[in-house]
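Student: Going by the working numbering, the first residue of the sequence shown is number 2, and it counts up by one from there.
Every residue, glycine too, gets a C-beta built ideally from N, C-alpha and C.
Values in this document were obtained by computation on a predicted structure and should not be read as measured data.
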Amino acid sequence: MSVRVEGDVIHLEGACLVEDAEPLLVALQEGATRVELAAATRLHLAVAQLLIARKPIILSHPADTFLHRHVLAPSGLGR
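#1: Looking at the strands, I want to know which residues DSSP matches up with E37.
#2: DSSP three-state label for L29, please.
#3: Going by beta carbon distance, what residues of the same chain come within less than 8 Å of H62, once the five residues before and after it are set aside?
#4: Determine the DSSP secondary structure at L46, reduced to helix, strand or coil.
#5: Please name the residue, chosen from F67, V48, S76, I59, that lies closest to P26 on a Cα-to-Cα basis.
#6: Going by DSSP, what residues sit across from V72 in a beta bridge?
#7: On the DSSP letters alone, give me the boundaries of the beta strand (DSSP E) that E7 sits inside.
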């Protein structure tokens, strides 16, 4: 599982596949407000869409600069 929750912080780690979208949504609905992306190597579009829709606070950018520059930042996340 690529989604780990500690308090109000969601850690996305490794390759986040479509199967990770549901646990991410549950964590966001249950009050987690911040997301740590430093250890994420890949985000399925469903995972990225949840982040864009829910707009949590992004604590760190993913190592993938394309993902940050062309997907998250234009959506107002992780500037």
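Tutor: Judging by the given coordinates:
#1: E37 pairs with H12, S61.
#2: helix
#3: L38, A39, H69, L73, G79
#4: In the three-state DSSP reduction, L46 falls in the helix class (H, G or I).
#5: Here residue 26 is Leu; the residue named in the question, Pro, does not match the sequence. Out of F67, V48, S76, I59, V48 has the C-alpha closest to the C-alpha of L26.
#6: Partner(s): none; V72 has no beta bridge.
#7: For E7, the enclosing beta strand (DSSP E) stretches over residues 4-7.
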